[in-house]
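Beneath this line is the structure, given in structure tokens, with notes to follow.
Number of protein chains: 4
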Amino acid sequence: MINDPVYGFLTLPSNLLYDLVEHKFFQRLRRIRQLGMGELVYPGATHTRFHHALGALQLMCKALDLLKQKGIEITEQEYEATCVAILLHDIGHGPYSHTLENAIIPNLPHEVLSQLMMQTLNIEFEGKLDMALRIFNNQYPKVFLHQLISSQLDMDRLDYLSRDSFYTGVHEGVVSAERIINMLSVAQNQLVVEEKGIYSIEKFIIARRLMYWQVYLHKTVLASEMLLRQVLKRAKWIMENGGELFATPFMQPFIESTPSIADFEENQEYWLDRFVNLDDSDILVCLKTWQYANDEILSFLCKSLIGRKLPKIVISENKISDQDIEDAKKSIAQKYDFINNEWEYFIQIGFVENHAYNQEYEGIKILRKNGEVCDVTDVSDNYNLTALKKTVRKNYMIRF
Amino acid sequence: MINDPVYGFLTLPSNLLYDLVEHKFFQRLRRIRQLGMGELVYPGATHTRFHHALGALQLMCKALDLLKQKGIEITEQEYEATCVAILLHDIGHGPYSHTLENAIIPNLPHEVLSQLMMQTLNIEFEGKLDMALRIFNNQYPKVFLHQLISSQLDMDRLDYLSRDSFYTGVHEGVVSAERIINMLSVAQNQLVVEEKGIYSIEKFIIARRLMYWQVYLHKTVLASEMLLRQVLKRAKWIMENGGELFATPFMQPFIESTPSIADFEENQEYWLDRFVNLDDSDILVCLKTWQYANDEILSFLCKSLIGRKLPKIVISENKISDQDIEDAKKSIAQKYDFINNEWEYFIQIGFVENHAYNQEYEGIKILRKNGEVCDVTDVSDNYNLTALKKTVRKNYMIRF
Amino acid sequence: MINDPVYGFLTLPSNLLYDLVEHKFFQRLRRIRQLGMGELVYPGATHTRFHHALGALQLMCKALDLLKQKGIEITEQEYEATCVAILLHDIGHGPYSHTLENAIIPNLPHEVLSQLMMQTLNIEFEGKLDMALRIFNNQYPKVFLHQLISSQLDMDRLDYLSRDSFYTGVHEGVVSAERIINMLSVAQNQLVVEEKGIYSIEKFIIARRLMYWQVYLHKTVLASEMLLRQVLKRAKWIMENGGELFATPFMQPFIESTPSIADFEENQEYWLDRFVNLDDSDILVCLKTWQYANDEILSFLCKSLIGRKLPKIVISENKISDQDIEDAKKSIAQKYDFINNEWEYFIQIGFVENHAYNQEYEGIKILRKNGEVCDVTDVSDNYNLTALKKTVRKNYMIRF
Amino acid sequence: MINDPVYGFLTLPSNLLYDLVEHKFFQRLRRIRQLGMGELVYPGATHTRFHHALGALQLMCKALDLLKQKGIEITEQEYEATCVAILLHDIGHGPYSHTLENAIIPNLPHEVLSQLMMQTLNIEFEGKLDMALRIFNNQYPKVFLHQLISSQLDMDRLDYLSRDSFYTGVHEGVVSAERIINMLSVAQNQLVVEEKGIYSIEKFIIARRLMYWQVYLHKTVLASEMLLRQVLKRAKWIMENGGELFATPFMQPFIESTPSIADFEENQEYWLDRFVNLDDSDILVCLKTWQYANDEILSFLCKSLIGRKLPKIVISENKISDQDIEDAKKSIAQKYDFINNEWEYFIQIGFVENHAYNQEYEGIKILRKNGEVCDVTDVSDNYNLTALKKTVRKNYMIRF
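Protein chains in written order, with the numbering used here: chain A, 5 to 404; chain B, 5 to 404; chain C, 5 to 404; chain D, 5 to 404.
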């Protein structure tokens with residue numbers, strides 16, 4: 005029984021799950037913050053992927069118990085396998101999660117690494133993760149089990165919205181996870197929500213949308229994430245160009261080179277060993293040390309980040325105009341004489357998108373009282389749900 | 005306006021306070037967890053000294069506003085100075101706070117370092133911290149201002165009990181900070197509580213006592229803290245004996261040597277510069293790296309800590325008997341053949357004390373309806389408050 | 005200082021407000037539940053108009069303090085008057101509030117009665133409510149003060165959504181009252197919200213909409229309210245037709261006759277004296293007693309309500325068809341042989357409307373960063389706010 | 005599934021329980037407030053016995069589920085019977101619960117009435133309550149089931165402390181019901197708490213003690229309760245002495261005469277029928293009406309209570325001195341010339357006792373790690389638990 009300020013208590017439903025939690029792959033998640041740079045804006049948001057994974061597991065147990073109560077057949081083995089799959093769904097995340105996903109190992113998304121690590125665990129646990137892997141990869145006939153792990157209404161999202169609201173203090177994101185779970189059911193082998201739950205679903209989608217704007221895509225968060233990525237890029241560039249640079253022992257190989265999937269697979273022991281020792285602390289120690297690096301640009305970027313002197317960010321519905329970019333560059337060039345045309349470290353143009361509800365990808369299904377199953381946006385009166393299907397794009401210019 | 009999941013919102017009452025928060029000395033506290041190893045038992049307890057200091061400041065503003073409303077004279081300058089003092093009260097804490105206080109720089113308690121750092125800041129801010137320093141050091145005539153910062157009922161305690169309960173999920177520690185503050189007053193230049201607040205005070209003392217047993221002195225926490233201290237000790241021993249060991253750049257000087265106060269004062273720029281760059285991430289990177297150290301003992305200790313294979317702990321009201329110690333040593337010697345009589349790394353005997361209420365040190369004063377001021381334990385009906393004055397000691401043996 | 009589980013503490017900012025709270029007109033609100041029949045569905049929802057009025061006052065103080073901090077000029081007299089107006093905004097509510105508004109005194113809406121009672125109080129308090137009355141009636145130049153009391157974003161709504169969510173346990177209705185108030189400002193003499201508050205406003209409008217469907221217009225609530233109204237109607241009919249019926253002393257005159265505004269004004273002492281003694285307890289005692297009345301229909305209706313054997317309700321997007329009504333009547337006639345063509349007591353056709361946001365009536369104004377003031381639905385990206393402007397109508401048939 | 009703001013959701017575990025909740029005996033509890041006059045001090049405390057009984061049922065289900073998980077044998081029938089017993093434990097409470105227990109039907113405590121009503125229900129439900137009655141009356145071999153209903157740590161207390169804290173907003177009374185239940189077990193046929201739960205138990209006992217002083221025995225509550233009892237006494241006196249007085253139809257018989265148990269048993273249909281129609285609304289309507297009674301004393305008392313002009317109360321550790329009583333009487337006689345030596349209505353001397361923990365009556369048993377079972381106060385280090393065994397008495401004088 006583990007204390008959890010969000011749900012009260014967390015419990016581990018089987019020995020296998022207990023052993024997985026004790027494993028160093030999973031313990032590593034204690035040292036990876038859930039919201040990365042989010043803590044710069046929301047000082048309470050220091051919670052970790054470790055806690056999130058345990059929370060999602062807790063919700064999964066509740067959901068599976070409930071479906072069983074409603075008469076849906078779920079064997080004990082399926083129960084455990086689904087629990088394993090949700091527990092490990094984020095196992096492949098590296099330091100600073102999404103922020104550095106493409107910066108440390110450019111072509112290796114965390115899903116691929118999660119796969120790799122789950123397979124490694126499966127060997128260590130002598131095949132006990134077989135079914136969990138099939139469910140995780142949507143290769144298991146009971147599709148709804150996969151949907152509990154990965155869909156527009158999965159236990160991952162239910163937990164992260166609850167947990168991130170709790171730790172940031174942004175009450176707009178609070179969702180009634182318990183109420184939503186109580187209204188889940190299965191029809192036509194699909195995870196569905198009973199019709200009376202429609203308002204809770206609407207609230208859930210809106211909460212998610214608001215959390216995107218207020219937390220995940222908050223402009224200070226965007227600016228610091230961009231900065232962190234540029235730091236890594238610069239460090240790699242220095243190494244590749246024969247420079248010398250301190251790095252922590254486990255970070256060193258990832259700065260000096262960039263392994264591909266093939267590298268990982270061929271030389272798994274080497275690379276995985278290093279990767280599973282990597283966490284937020286390596287990044288922090290590098291950042292702190294590089295403040296004093298010889299490379300002026302790297303030193304400047306690291307001092308900005310550690311000292312929290314972040315670049316400015318302009319958000320706009322329209323594309324940033326060429327004129328605005330020119331003006332920005334001029335002012336940058338004046339202030340930073342060491343820039344040497346390395347614009348990318350000082351100015352970034354781009355956009356973010358917020359897709360509150362995406363019907364195409366594992367949409368939320370409503371079970372109507374007459375037995376019909378339909379998409380949540382097709383249930384009448386929800387003008388605004390229809391509105392939430394649209395993707396909202398915002399352009400930004402981040403600049404020193 | 006900063007979101008705080010505990011109090012809703014935090015605000016900074018003046019520009020000076022804003023500038024201090026922005027200062028790198030204070031920003032450093034973002035990287036020092038409030039409860040150190042507590043997170044191993046309570047996964048939600050990842051909050052930082054940064055957040056705690058802001059929270060204590062928030063309570064201080066409420067308390068000062070309230071005292072002013074009750075007609076107590078507090079000038080604007082005193083208001084700000086008291087706020088500065090509470091904001092900076094923990095500024096001298098190093099990585100893992102209390103746990104490593106004596107392990108990294110043995111004879112330099114954090115209070116001394118806080119002093120030093122506040123003085124450094126005072127120079128940088130051209131004397132604007134003068135009054136804050138006098139209040140902090142209890143050299144200011146209005147004694148109650150100092151008592152708000154440091155006494156048995158100060159804003160530090162009110163915040164850490166609220167915050168630690170919140171983040172651990174241990175509801176036993178919840179205190180009604182708002183209610184207690186509402187009942188504060190000043191009499192005879194002392195901070196006092198109105199008589200009707202007696203039950204809230206009782207609850208506060210008991211909450212604190214329970215938090216000690218359930219969180220601060222939790223046996224898993226004790227075991228891991230002892231382990232962490234032994235790691236540092238071993239690392240220093242290796243260095244002192246001519247061994248070679250990786251350390252992060254800012255950790256290096258503290259492993260290689262042990263500066264005294266005199267060193268700090270004479271060579272302040274050198275040592276303070278290093279110290280203010282040190283935080284939890286340095287310790288973590290060292291721990292992870294030392295798992296692979298040549299020294300078998302160090303490697304063993306680090307693997308135990310990172311892999312969360314903690315030593316056993318026995319708690320007892322009586323002193324641990326010599327027989328029990330002998331038995332433990334025998335079993336240790338059998339399991340770890342590399343021990344080489346270095347017992348201290350494998351077994352520790354000691355005790356912890358919980359002193360819920362200490363009348364001697366800035367006790368809590370009650371203002372009776374008849375105007376009399378007396379110690380809270382002298383107000384009748386509180387048999388149990390009297391009981392709480394006793395110190396409870398528990399002996400422990402921590403062993404692999 | 006009054007304990008409030010929703011906000012922590014409530015305080016009364018002046019002696020006048022204290023005296024008004026102590027007045028029997030206001031104390032009467034202790035005996036009128038905020039949600040009337042809502043308690044049949046949400047057993048926790050037993051809170052009263054008394055508590056709501058105090059809560060709205062609390063929010064008003066926060067809002068006024070904040071506007072003053074932002075430099076908006078509000079004199080002490082205006083401050084108190086606005087507080088008085090919000091405290092008394094519901095003073096004219098009778099038993100079961102909206103449910104019986106047209107059933108006890110058909111042509112006297114509670115707003116008219118509030119006016120009358122505030123004027124009566126103004127005489128008793130020797131003109132001290134003059135300015136409050138002007139603000140309440142939107143006759144005061146600083147229009148934003150009236151908007152704080154009555155608009156699409158007034159303190160009344162902020163409190164009732166927070167309070168009703170809290171007591172029903174319907175988390176969908178939780179609004180961040182504190183956050184919204186922090187973002188209020190005044191521009192062009194209008195109450196406005198700063199642009200960064202747009203997401204909180206969106207959340208607020210949606211929360212209100214969801215509370216309508218889940219609580220205020222919940223189908224069991226609708227059915228029991230309709231039933232209660234029919235009981236009153238039948239009782240009046242019996243009296244008017246020479247029947248005899250028990251009623252509590254203060255209810256008697258309202259059952260025997262139906263005073264008009266003119267009656268109230270001409271014979272104010274008589275009618276107001278009775279009205280201010282009337283509350284939920286009179287209705288309950290009548291209902292319980294009438295279970296044993298000679299009139300079969302009245303007895304049937306009261307037994308249904310007290311015994312919670314409520315009529316069925318069918319909700320439909322389309323108008324209820326004549327065929328459905330005919331079928332229902334046939335089945336009713338078969339079950340209740342004493343019906344004697346008095347259909348209205350056994351079947352009711354009607355509709356409810358949910359107008360989440362009504363731009364026409366004191367719409368919510370956003371203050372853009374460029375100083376412009378515009379309606380919240382005109383700020384881009386809020387497709388769904390636009391959607392919320394539409395009125396949603398649902399038809400119902402309630403029948404035994 | 006019923007929304008509960010305290011626990012989230014409430015569910016009814018069987019059809020029998022559903023039918024009992026629907027029964028008019030139980031529905032009546034909707035109209036009896038849990039804290040009677042408490043609402044005069046804590047305006048949020050309007051919750052009812054109905055809600056409390058459902059809450060205690062919810063905790064009972066959790067406790068029974070947990071004990072079963074721990075391997076304690078509990079049959080399905082025992083499960084349901086224990087649930088029935090806790091649901092109905094307060095069924096015999098009359099209007100204003102404890103306050104009027106001796107004032108309406110002097111020699112009939114609510115426990116006797118609960119018995120009578122449960123037996124009546126048992127006949128109606130054809131013996132399905134047999135086992136519930138045996139458990140309720142401690143005549144069932146598995147003693148721990150009775151202890152879950154009635155002991156120093158029963159589900160009744162766990163719920164009312166949680167619920168009363170929640171609705172009053174007095175956070176001092178918050179108990180970790182979930183945590184305590186998780187630590188329950190059974191040893192030697194006794195309900196026990198695992199040793200690690202000792203701090204939660206300590207907190208529970210202290211919370212209960214604080215709730216007594218701050219809520220149940222709050223001095224304004226005491227004064228208003230005494231006043232209410234005197235009102236009933238006076239009304240009965242008037243009737244007995246041939247006076248005429250309005251009363252609601254169901255109140256009438258209890259004002260005119262005072263049935264004994266024998267009366268109830270002999271003429272059960274008559275008396276029970278009246279009793280089960282009686283609730284808080286009858287008292288309120290009488291109080292309001294009697295404000296205008298001819299009897300000056302009755303009218304004075306009712307106006308004081310409805311208008312919230314309560315008598316003064318003096319609390320003292322020592323007995324109230326004869327001199328103080330004489331002085332009070334003199335001042336009363338001067339103010340109220342109609343008193344006519346009827347002192348009891350104007351001045352009351354008495355005492356209240358707070359017995360936080362009573363080892364004698366179903367004390368709390370701790371299951372030590374060595375298997376031993378002992379009283380909670382015998383576990384070391386709890387000096388203050390020992391202190392809590394003492395009864396604290398406070399004397400009062402309540403006077404106009």
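Each residue gets a CB set at the ideal place from its N, CA and C atoms; glycine is no exception.
Neighbour-count burial assignment, residue i, 16 or more Cβ in a 10 Å radius
i                 : result
Ala266 of chain A : exposed
Phe342 of chain B : exposed
Pro263 of chain C : buried
Residue range of the alpha helix (DSSP H) that includes residue i
i                 : result
Val197 of chain B : From DSSP, Val197 of chain B is part of no alpha helix (DSSP H) but of the beta strand (DSSP E) over 194-198.
Gln352 of chain C : Segment 351-358 is the beta strand (DSSP E) holding Gln352 of chain C; no alpha helix (DSSP H) there.
Ile324 of chain A : First-last for Ile324 of chain A: undefined, no H or E at that position.
Contacts of residue i in chain C (Cβ-Cβ under 7 Å)
i                 : result
Asn281 of chain D : Lys292
Ser303 of chain D : Neighbours of Ser303 of chain D on chain C: none; closest Cβ ~14 Å, over 7 Å.
Trp275 of chain A : What Trp275 of chain A touches in chain C: nothing, since even the nearest Cβ is about 42 Å away.
Glu182 of chain D : In chain order: nothing, as chain C lies at least about 17 Å away.
Cβ-Cβ distance between residue i and residue j below 8 Å
i                 : j                 : result
Ile402 of chain D : Gln352 of chain D : yes
Val190 of chain A : Leu20 of chain A  : no
Pro113 of chain B : Cys65 of chain B  : no
Phe304 of chain B : Pro9 of chain A   : no
Glu357 of chain C : Arg397 of chain C : yes
Asp94 of chain D  : Ala57 of chain D  : yes
Lys98 of chain B  : Ile108 of chain B : Reading off the sequence shown, one finds Gly at residue 98 of chain B, where the question assumed Lys. Going by C-beta atoms, Gly98 of chain B is nearer than 8 Å to Ile108 of chain B.
Ile317 of chain B : Leu226 of chain B : yes
Listed by chain order, chain A residues near residue i by CB distance under 7 Å
i                 : result
Ser204 of chain C : Glu176
Start-to-end residues for the beta strand (DSSP E) that takes in residue i
i                 : result
Leu189 of chain B : Here the sequence assigns Ser to residue 189 of chain B, which means Leu is not the residue at that position. Looking at the DSSP string, the run of the beta strand (DSSP E) that includes Ser189 of chain B is 188-191.
Gln151 of chain C : It is not in any beta strand (DSSP E) - Gln151 of chain C instead sits in the alpha helix (DSSP H) that spans 147-153.
Ile402 of chain D : 396-403
Val377 of chain C : 377-379
Neighbouring residues, chain B, relative to residue i (Cβ below 9 Å)
i                 : result
Ala227 of chain D : Neighbours of Ala227 of chain D on chain B: none; closest Cβ ~16 Å, over 9 Å.
Leu20 of chain D  : None at all; the shortest Cβ gap to chain B is about 34 Å.
Within chain C, the residues that residue i reaches when beta carbons sit closer than 8 Å
i                : result
Glu80 of chain B : Per Cβ cutoff of 8 Å: no residues; Glu80 of chain B is ~16 Å from chain C at best.
Partner residues on chain D for residue i, Cβ-Cβ distance less than 9 Å
i                 : result
Ile210 of chain B : Glu206, Lys207, Ile210, Asn388
Per-residue contacts from residue i into chain D (C-beta, under 8 Å)
i                 : result
Gln218 of chain B : Tyr203
Asn186 of chain A : Met5, Phe13
Exercise. Which residue spans inside the region 79-131 of chain D form an unbroken alpha helix (DSSP H) run of at least 4?
Worked result: As summarised for the region 79-131 of chain D, the continuous alpha helix (DSSP H) elements at least 4 residues long and confined to that stretch are 80-91, 101-108, 114-128, given in chain order.
Exercise. What are the complete alpha helix (DSSP H) segments, minimum 4 residues, inside the region 22-77 of chain C?
Worked result: List check, alpha helix (DSSP H) in window: 28-31, 53-73.
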